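Heads up: the structure comes next, in structure tokens.
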Amino acid sequence: MKFVLFFLLLVPAIHIFGQPNNASVSLGIIADCQYADQPTRGLRHYKNSITKLEECVSTFNDQELHHVFHLGDFIDDGAANFLPVQRIIDKLVAPFTHVLGNHDYSVADSLKPGVHKKMGMPSRYFAQDVMGWRFLILDGNDVSLHANPKSSKLYRRAKRHHERHYPELPTWNGALGKSQMKWLKAELKQAEEQEIPVILLCHFPVYPSDVHNLWNDEEVVALIERYSIVKAWLNGHNHAGNYGVKSGIHFVTFKGMVDTNENAFAHVSIGQEVIKIRGFGREENRELRIRK
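Its first residue numbered 2, the sequence shown is counted upward by one per residue in our numbering.
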């Protein structure tokens, strides 16, 4: 009887705090599929992304994955290009989530407000729990010159913001806005209180310093490095890939699938002590120790 009572008391705690934090999570990671029905340009083999994605999905389906994430730029441009690659993604056995990239907004202005819904996302940024880990999906297009119609107040506001604060930075990047930063801070505080480890997912990098980074990269890093529950920031955007570590947080830029004839994707296994990245094709293998 005492055991039954103990178990009943334990159940709400498991519900509140999620899966036990010693659980490992197995992920599939893709970045910059960037499909388009157009000729190769430079390193970007747009049409080849179809066969590359098919190979990736087939590989992932042979593994026991808890979740698969695509880190933005599902297409290069044109809303019609979503359907061919989404049909392939729909064959995944594991649950799947998109992260918004700048090229995902390379569609007609009238379609831009609904891009995240077309990609099956509940909102442009949100939290998602997987096996005791909290994944915060961020929108680096929040303040940008590509995510809103040019006739909108949001576009004009972003243009002024860029001209005043980041005139030397590329217009094809973006920033987390005030509301999203406030939300992020609240999510990190809650995760810290609940002792839930956090992985941040964004299309854009924030560290090391690079031309591809969010406009407000330093502000974002200053916020997240205050929370020991933050273990990693995973992103795409820079097709060459990159890596850095700061304040014990691993910042991993995954290579773009669209580049070259060779594929690029990864199986990421996250445990209590280490993040293991098994790269396929051009993607690198990494073993990253997790800070306590």
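For glycine and all other residues, C-beta sits at the position ideal for the given N, C-alpha and C.
Keep in mind that this is a model prediction, so the values were computed, not measured.
task = Can you tell me which of Ser124, Lys154, Asn174, Ser25 puts its alpha carbon nearest to the alpha carbon of Gln181?
result = Just measuring C-alpha positions, the residue of Ser124, Lys154, Asn174, Ser25 sitting nearest Gln181 is Ser124.
Residues sharing a beta bridge with Ser270, DSSP = The partner list for Ser270 (beta bridge, DSSP) reads Ser27, Lys277.
inquiry  = Less than 8 Å between the beta carbons of Ile276 and Asn286, yes or no?
reply    = It is not a contact, given that the beta carbons lie outside the stated cut-off.
query = Which term fits Asp63, buried or exposed, when burial requires 16 or more other beta carbons within 10 angstroms of its beta carbon?
reply = Here Asp63 is exposed, its C-beta having fewer than 16 other C-beta atoms within 10 Å.
request  = Using 10 angstroms around the beta-carbon of Thr261, count the other beta-carbons present and answer buried if the total reaches 16, otherwise exposed.
outcome  = So Thr261 counts as buried.
ask   = Which residues mark the beginning and the end of the alpha helix (DSSP H) in which Lys232 is found?
value = Per DSSP, Lys232 belongs to no alpha helix (DSSP H); it is in the beta strand (DSSP E), 231-236.
task = Report the partner residues of Asn243 according to the DSSP bridge assignment.
result = Asn243 pairs with Thr254.
ask   = Which word fits Asp130, buried or exposed, when buried means at least 16 other C-beta atoms lie within 10 angstroms of its C-beta?
value = Per the 10 Å Cβ criterion, exposed.
key: Ordered list of beta strand (DSSP E) runs contained in the stretch 160-217, each at least 3 residues   = DSSP runs (the beta strand (DSSP E)) wholly in the stretch 160-217: 199-202.
key: Local conformation of Leu54 per DSSP, three classes   = Collapsing the DSSP output to three states places Leu54 in a helix.
request  = If I'm right that Ala265 touches His251 with Cβ under 8 Å, what's the distance once you round it to whole angstroms?
outcome  = In this structure Ala265 does not touch His251 by the C-beta definition: roughly 19 Å separates them, more than the 8 Å allowed.
task = Indicate whether Leu101 and Asp77 have their beta-carbon atoms separated by less than 8 Å.
result = For the 8 Å CB-CB criterion, Leu101 and Asp77 do not form a contact.
request  = Quick one: using the 10 Å Cβ neighbour count with 16 as the cut-off for buried, is Ala159 buried or exposed?
outcome  = Under a 10 Å Cβ-count criterion, Ala159 is classified as buried, with 16 or more other Cβ atoms of the shown protein chains found around its own Cβ.
task = For Val108, name the three-state secondary structure that DSSP assigns.
result = The three-state secondary structure of Val108, taken from DSSP, is coil.
query = What separation, rounded to the nearest whole angstrom, lies between the Cα atoms of Asp38 and Glu193?
reply = Each residue's alpha carbon lies about 45 Å from the other.
task = Helix, strand or coil for Val12, going by three-state DSSP, please let me know.
result = Legend: pLDDT at Val12 = 35, less than 50; position of this residue unreliable, value from coordinates given subsequently. Helix, per DSSP.
message = Suppose the cutoff is 7 Å on Cβ atoms and the five residues either side in sequence are ignored; what does the same chain contact list for Leu106 look like?
response = Per the sequence shown, residue 106 should be read as Tyr rather than Leu. So the qualifying residues of the chain are Lys113, Val116, Asn142, His147, Ala148.
inquiry  = Helix, strand or coil, according to DSSP, for Leu139 in the structure here?
reply    = Leu139 falls in the coil class under three-state DSSP.
ask   = To the nearest angstrom, how far is it from the Cα of Thr60 to the Cα of Leu66?
value = Taking the straight line from one Cα to the other gives about 11 Å.
query = Nearest to Phe205 by CA position, among Lys293, Leu177, Phe97, Lys48, is which residue?
reply = Considering only alpha carbons, the answer is Leu177.
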